[in-house]
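Single-structure report; data block below.
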Amino acid sequence: MLETAQSFLLGLTQIFTVTTFGLMVFGIAIGFAVGILPGLGGPTAMALMLPFVVKMTPVEAFAFLLGMACVVNTTGDITSVLFGIPGEPTTAATIVDGHPMAKKGEAGRALGAVLTAALIGSIFGAMMLAIIVPIVRPLVLSFGSPEFFMLALLGITFVASLSGADPIKGLIAGGLGLFVATVGLDPVSSIQRFTFGQTFLWDGIGLVPITIGFFAIPEIIDLAVTGSSIAGGRTGALGGVREGIRDVFRHLWLVLRCAAIGTFCAIIPGMGGATTQWLSYAHAVQSSPDKERFGKGAIEGVLGPGASNNSTLGGSLITTLSFGIPASVFMAILIGAFIMHGVVPGPDMLRPESQGGHLGLTYSFVWIMVISNIITVGIIFLLLRQIIKVTTIRGSLLIPFILMLIYLGAFAEKNVFPDLILVLIFGGLGWVLEKLKWPRPPLILGLVLGGLAESRLFLSVGNYGLSWIWRPMVLVIIAVTLFGVLYSVFKGRKEKRKRRMAEAVGGDSKNKVRARAMINRWPAVFALCLVIVLALALWQSRNFNVRAGLFPWAIGFPLLGLSVLQFIREFSGRTGIGPRGQHVKEEGQELPADVVNRRTRNIFGWILTYFVAIWLLGFSIGGALCCFIQLKFGSKEKWLITLILTAGLWAFVYLLFDRVLHVPFPAGYLFEALGFAE
Amino acid sequence: MKRWIPVTTMLAVLMLLTAAHLDAAPFYEGKVVRITVGFSPGGGFDLWARLIARHLGRNIPGHPTVIVENITGAGGLIQTNNLFKATKPDGLTIGHINGGLILSQMLGQPGYDFDSQKFIYLGAANKENNVFVFGKKSGVTSADKWQTSSVPVKVGGLVTGNFIDNCDRVVKAVLDFPTQVITGYKGTADILIAAESGELAGGPASWDGVKTNRKRAIEAGDMFVVLQCVSKPLKEIPNVPKTIDFVKKQEQKKYVQIVIHDANDYSRPFAVPPGTPKDRVEILRNAFQQTMKDKEFLSEIDKMQLTLDPTTGEELTAAVAGSSKLDQDTLAKLRDILFK
């Protein structure tokens, strides 16, 4: 015990040398930028930095790398909240409620809340690392494929709580996510499913292009249509930062629960921040009495993912340290650094130095995580006033940059150009879903859990036949799942009754009439499109063997049935709900329909123009050219500002991404065709 | 591709002319050489590509800058197809290919738009060197125990056609060990955890990783290395039997040779696209060989506890060619073994 305490203090003192602390701050600075820029992931940055690590001592090396790792999620949240583009793949869930807050002029409050939650989350994760390390091996080893499958299933039931007012829409969206997850090579027989012969679809549809398309594209359309700044002139809430911090303590119990979800899910190999953020978001919704607020700027929807995407680092570090098995890409690179310094991850990490172990080093990680997060959050808070001002900049000046960030983010994750097409497709779908009031998070949740559920189900059956159902841990998870489902059904009924009573008192008939008129056509068309696409997909799957087809069929047929039902409901106008309380956004400045239509057409045109220009002329030239034309002739800006911004955009893309980071941009089809590509 | 031919020929002629008239500076001076990798950072391919990128430039006349680009997807197939079809053969782009794709391409799997025989191989720094590792709970402590087991022994796989699965399948279908292949794990790390927890008996994994991250478990008798999928025994485990040791018939030998030995030889190659000028190929091949002996490179390898097991470009070409002269019967049988 005494030795452990000594190691704990030794870990702290090790950090406070000039070089170690300096390197940690340097790492933080790099991570800061990497987190803010979408598409530029933490792992890439770490791989680039690995060579420099060779010459450092172990504590220095990890101070540097962990300092970098700690902050990417925190700063990634900033991009998510301000622009609606995920700064990191692990900060996408923050958008759902964080960006609507920014649009209400509450960016300060959202950021204050998310940063404080992130700080608490990371400290929670670090503390868990310190506490749980001794028992983690048996814990992880008790989790086999059946338990994984059940956990995925438990996560999928969260779809119900994310569905908003119309459960059928939510179920369809969740089912669509599960169905989209089956695109790619079947995980066992490597039969191609819904790939249309395209190799870039073999690994399935990535989370990054989907989330960027789903959230960032509708937001940029919205920004262009309202024709104002992100905050829409509502800038009074710059001082909301303090309110945001207070929100964290108001919902402290939720923040801690979500931090725990992050840490404990991340301990399980294969569950990273990309999944846990959505589980936490779902949990935040589920545990709230008033689910209608979510997606429109509910503070709990910001706190949940904010806390969990930072606490995952502690969790995945637990697995990495005690097993020597990387729980994520980040960790794989970290292990490389370990081995370089002659530190072999494994049980040795948990033994004090006096017994030949590295416990002091392990504890120094805890301290590095805590201290670098405190530093980061401190710095951001100092800069926050300036950062938030972005939301008051005129939209027309921001749009070229946001569009470039969208395409850069889509490309730079895998450096594969067709991902841009996915962004366009899912951007279109996301916009339609948003307009027709379909919930988007269930689709993402289905997507992140679908693959896990499928492969682990087949592994369970392969390993245990059907007897896996009787494993004790499986039974526990089944019980938890049933409890969750029943509880939310019961609660839902109660709420419905309440609502009906409220409605009986003061019905909003005017709203309903207008909604009727609006609803009749497009929702039915969309539902019909869904039916057709699903039917075609199922027709295409007729040649799959049982192994490859089971999952798509088990999801596809019920989904088709639900879509037909939805079509009938929409067609006959019996959706049951009007857009109750959903016109909040439009209040204040109602734009005439023709202006909205013109601006919508315009921004759609620009989105496509950028895409075509990038395809023909490459990222730097195509992007800069579009930026110039859009600013000068589209939004009629002055020459000076047009030229400055165009040059800035070009420098940003060419100098930073191309020259410094060596992102392998394609040369542009036109140049290639003409034969003078590089 | 076709559009390129006149342009590249013209360029080549121009360059030859300039080279003939002027005693020009080395071609690579001031240039940037790209090494493309089909996987994201964090994996073995990326690690080795970056390692070599750090030292290769020093060994090329003109000392070009060498950078690494990750073009990920489809198990490296996107990058490999891209290297074959859509990369200018100017000696400025090198691909670190997933050699596991080569056998699948030879067997005519759909989507493989390259011809492994036409790539120009520069060399390889290491090999996959898979070994079968079993957990204590399985009771399989030696290859003999596996061979004589009364129930099928459960081993893990990743996806049909992967080198890991091919090793499983050869032991099962060629050597006739009582085996049940359970495929669908995300990586060998997951297989090893499943072996430790007793979900699986065991499975194959690259010795390079096993020897560092499972060292303690093996020393403590919690895990056992029972079989190695290599032609010559690995230095650290000379007493562990090889797959070829269990071969009885000539036909079996052929399959072990193709699926395990040859595939292991070309498992981690560096190559340039067909049509790359011969003189640049020579420069790059020499530079690659020199890098393999480079002191700084070796000290870094040592520090990272990796195993250097180099192959020359000529050896790689031979290994690939060896597997390419298969008759239709053998191909059909191989498809049966590996893909059914």
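These protein sequences, in sequence, are chains A and B.
Here the first sequence is numbered in the working numbering, starting from 2 and rising by one per residue.
Here the second sequence is numbered in the working numbering, starting from 562 and rising by one per residue.
For each residue, glycine too, the CB sits at the ideal point set by N, CA and C.
Remember, it's a predicted structure, so these values are computed and weren't measured experimentally.
Terminal residues of the alpha helix (DSSP H) in which residue i lies
| i | result |
| --- | --- |
| Leu551(A) | 547-572 |
| Ile628(B) | It is not in any alpha helix (DSSP H) - Ile628(B) instead sits in the beta strand (DSSP E) that spans 626-631. |
| Ala766(B) | Here Ala766(B) belongs to no alpha helix (DSSP H); instead the beta strand (DSSP E) covers 763-767. |
| Lys706(B) | 704-708 |
| Thr92(A) | Looking at the DSSP string, Thr92(A) is not in any alpha helix (DSSP H), and its letter there is neither H nor E. |
| Val842(B) | 839-854 |
| Ile319(A) | 300-324 |
| Met405(A) | 396-413 |
| Thr227(A) | 218-227 |
| Val73(A) | 59-84 |
| Ile639(B) | 638-646 |
| Thr377(A) | 360-389 |
Distance between residue j and residue i (C-alpha atoms, nearest Å)
| i | j | result |
| --- | --- | --- |
| Trp554(A) | Gly185(A) | 15 Å |
| Lys776(B) | Trp768(B) | 11 Å |
| Ser510(A) | Arg500(A) | Reliability fails at Ser510(A), whose pLDDT of 47 lies under 50, so the model's placement of it is uncertain and no value is given. |
| Lys679(B) | Pro835(B) | 6 Å |
| Ile380(A) | Ile388(A) | 11 Å |
| Phe17(A) | Ile268(A) | 29 Å |
| Ala610(B) | Ser373(A) | 31 Å |
| Thr873(B) | Asn847(B) | 10 Å |
| Ile844(B) | Lys864(B) | 28 Å |
| Ala635(B) | Asn659(B) | 11 Å |
| Phe629(A) | Tyr673(B) | 41 Å |
| Val694(B) | Phe612(A) | 49 Å |
| Gly307(A) | Gly122(A) | 8 Å |
| Asn825(B) | Cys790(B) | 8 Å |
| Ala232(A) | Arg395(A) | 10 Å |
| Ala161(A) | Phe149(A) | 20 Å |
| Arg243(A) | Gly759(B) | 52 Å |
| Asp187(A) | Ala549(A) | 6 Å |
| Thr183(A) | Lys810(B) | 42 Å |
| Ala283(A) | Lys495(A) | 20 Å |
| Gly273(A) | Cys266(A) | 7 Å |
Enclosing beta strand (DSSP E) for residue i [first to last residue]
| i | result |
| --- | --- |
| Tyr682(B) | 681-685 |
| Arg595(B) | 593-598 |
| Asn691(B) | 691-696 |
| Gly717(B) | 714-718 |
| Val160(A) | Taken as a continuous stretch (DSSP letters only), Val160(A) belongs to no beta strand (DSSP E), being part of the alpha helix (DSSP H) at 160-163. |
| Val35(A) | Looking at the DSSP string, Val35(A) is not in any beta strand (DSSP E); the run it does join, the alpha helix (DSSP H), is 19-37. |
| Phe785(B) | 784-789 |
Any non-hydrogen atom of the ligand NAP closer than 7 Å to residue i Cβ
| i | result |
| --- | --- |
| Gly669(A) | This structure simply doesn't include the ligand NAP, nor any ligand for that matter. |
Bridge partner(s) assigned by DSSP for residue i
| i | result |
| --- | --- |
| Phe53(A) | DSSP lists no partner for Phe53(A). |
| His657(B) | Val598(B), Phe831(B) |
| Thr277(A) | Note: Thr277(A) sits in no beta bridge, so no partner. |
| Thr872(B) | Ala685(B) |
| Arg243(A) | None; Arg243(A) has no bridge partner. |
Contact list for residue i against chain E, beta-carbon separation under 8 Å
| i | result |
| --- | --- |
| Ser323(A) | Among the protein chains of the structure shown, namely A and B, there is no chain E. |
Task: Inter-stretch contact at 8 Å, needing at least 3 Cβ pairs: the segment 75-88 of chain A / the segment 354-362 of chain A - done: These segments do not touch.
- [ ] Count the C-beta pairs between the segment 305-319 of chain A and the segment 336-345 of chain A that are closer than 8 Å, then say yes if the count reaches three, no if not.
- [x] Here the segment 305-319 of chain A does not lie against the segment 336-345 of chain A, with fewer than 3 beta-carbon pairs under 8 Å apart.
- [ ] Can you give me, in chain order, the residues of the segment 412-432 of chain A that have a beta carbon less than 8 Å from any beta carbon in chain B?
- [x] Per Cβ criterion, the list reads Lys415, Asn416, Val417.
Task: Contact residues within the segment 140-157 of chain A, judged by C-beta distance below 8 Å to chain B - done: Under the 8 Å Cβ criterion, the segment 140-157 of chain A contributes Val141, Leu142, Ser143, Phe144, Gly145, Ser146.
Task: Validate contact between the segment 650-657 of chain B and the segment 791-810 of chain B using beta carbons, cut 8 Å, 3 pairs - done: Below 8 Å, too few C-beta pairs join the segment 650-657 of chain B and the segment 791-810 of chain B to call them touching: fewer than three.
Task: Inter-stretch contact at 8 Å, needing at least 3 Cβ pairs: the segment 625-642 of chain B / the segment 591-608 of chain B - done: Under the 8 Å Cβ criterion, the segment 625-642 of chain B counts as touching the segment 591-608 of chain B, having at least three qualifying pairs.
- [ ] Compile a chain-ordered list of the residues in the segment 193-218 of chain A whose CB is closer than 8 Å to at least one CB of chain B.
- [x] Along the segment 193-218 of chain A, the positions whose C-beta sits under 8 Å from a C-beta of chain B are Gln193, Gly198, Thr200, Phe201, Trp203, Asp204, read in chain order.
TODO: Using a Cβ-Cβ cut-off of less than 8 Å, give me the residues of the segment 706-729 of chain B that come near chain A, in sequence order.
DONE: Listed in sequence order: Lys715, Val720, Thr721, Gly722.
Task: Residues of the segment 767-786 of chain B whose Cβ lies closer than 7 Å to any Cβ of chain A, in chain order - done: Hits within the stretch, in order: Thr773, Asn774, Lys776, Arg777.
TODO: Give the residues from the segment 336-365 of chain A that approach chain B closer than 9 Å (Cβ to any Cβ), ordered along the chain.
DONE: Going along the segment 336-365 of chain A in chain order, one finds Ile336, Gly337, Ile340, Met341, His342, Gly343, Val345, Pro346, Gly347, Pro348, Asp349 with a Cβ nearer than 9 Å to chain B.
Task: Meets three-Cβ-pair contact criterion under 8 Å: the segment 159-173 of chain A and the segment 464-474 of chain A - done: A contact is defined here as three or more CB-CB pairs under 8 Å, and the segment 159-173 of chain A fails this definition with respect to the segment 464-474 of chain A.
Open item on the list: Below 8 Å, how does it come out for the segment 18-31 of chain A and the segment 58-67 of chain A: are there three or more Cβ pairs, yes or no?
Closed with: Between the segment 18-31 of chain A and the segment 58-67 of chain A, the count of Cβ pairs shorter than 8 Å is three or higher; the stretches touch.
Open item on the list: Does the structure place the segment 43-52 of chain A close enough to the segment 3-13 of chain A that three or more beta carbon pairs sit under 8 Å?
Closed with: With a cut-off of 8 Å, the segment 43-52 of chain A and the segment 3-13 of chain A do not count as touching, because too few Cβ pairs lie within range.
Task: Contacting positions in the segment 167-196 of chain A - beta carbon closer than 8 Å to chain B - done: Listed by position along the chain: Leu186, Pro188, Val189, Ser190, Ser191, Gln193.
Task: Contact residues within the segment 458-476 of chain A, judged by C-beta distance below 7 Å to chain B - done: Within the segment 458-476 of chain A, the residues whose Cβ lies closer than 7 Å to some Cβ of chain B are Phe459, Leu460, Gly463, Asn464, listed in chain order.
TODO: Give a yes or no on contact between the segment 743-763 of chain B and the segment 291-306 of chain A, applying the rule of three or more CB pairs nearer than 8 Å.
DONE: Taking 8 Å as the limit for Cβ pairs, the verdict is that the segment 291-306 of chain A does not touch the segment 743-763 of chain B.
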